[in-house]
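The opening residue of the sequence shown carries number 664 in the numbering used here; numbering runs sequentially from there. Cβ atoms here follow ideal geometry from the backbone N, Cα and C, with glycine treated the same way. The structure displayed is predicted, hence computed values, not measured ones. Below you'll find the structure, written out as structure tokens, and then a few comments.
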Amino acid sequence: MKRRNAVFLSNGNIVDAVLASCSLPPLFPPYRIGRTKYIDGCLNKNIGLEKAKSLNCDLAILVNSTTHKIPLSIVSYIKRRAIMKSIDNEVKNFDKELIKIDIPFYYLNIAFNDFRYTKILIESGEKEANSCIKNLKTYITQKNVA
Numbered sequence: 664m665k666r667r668n669a670v671f672l673s674n675g676n677i678v679d680a681v682l683a684s685c686s687l688p689p690l691f692p693p694y695r696i697g698r699t700k701y702i703d704g705c706l707n708k709n710i711g712l713e714k715a716k717s718l719n720c721d722l723a724i725l726v727n728s729t730t731h732k733i734p735l736s737i738v739s740y741i742k743r744r745a746i747m748k749s750i751d752n753e754v755k756n757f758d759k760e761l762i763k764i765d766i767p768f769y770y771l772n773i774a775f776n777d778f779r780y781t782k783i784l785i786e787s788g789e790k791e792a793n794s795c796i797k798n799l800k801t802y803i804t805q806k807n808v809a
């Protein structure tokens, strides 16, 4: 937590990486992997396009999911606009191919920290992900043929 720079976890247990990415103080405490504590990267960078670029990726996939139709307050609106502007800037500066996948959780209209609907969120995410994966496989197959 002292470094304040992005860390990309590429080996080890994926559950640890996901739990570290879910850490958002003060709502969710830092997650410890070994002797190091991690917090969600959105506090530093919203998406990992710079890392994809540094790895010389030909294609990046950006998944966007949100659970609110409308921000709940003016503060929420301002925060969301700032995050979206940051993401838009990263996308503009990415000179490789980019696929944006929108997973429309907005119809659920629940807060990210409302765990009463976890099962519904997981099932909805699986359904949307399966649809996206099918479309992505088709896209990649067509690109490889061309």
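Integer-rounded CB distance, given that residue j should sit under 8 Å from residue i
i, j, result
"I696", "D679", "5 Å"
"K716", "K759", "7 Å"
Residue i: first and last residue of the uninterrupted alpha helix (DSSP H) it sits in
i, result
"K748", "737-755"
"D679", "677-685"
"A715", "712-717"
The beta strand (DSSP E) enclosing residue i, as first and last residue numbers
i, result
"I696", "694-696"
Identity of the residues DSSP links to residue i by a beta bridge
i, result
"I724", "I762"
"Y701", "Y694"
Of the listed residues the options, nearest to residue i (C-alpha basis)
i, options, result
"L682", "K700, A669, N668", "K700"
"I710", "N719, R779, S749", "S749"
"A723", "N807, T804, L799", "L799"
"D721", "N793, K782, F757, S673", "F757"
"V754", "V726, S794, K790, V738", "V726"
Residues near residue i in its chain [Cβ-Cβ closer than 7 Å; skip 5 each side]
i, result
"S686", "P692, P693, Y694, Y701, I702, D703"
"F671", "G711, K714"
"L761", "A723, L725, V754"
"M747", "none"
"P688", "I702"
Chain-order list of residues whose beta-carbon lies under 6 Å from that of residue i (same chain, five-residue window excluded)
i, result
"V738", "none"
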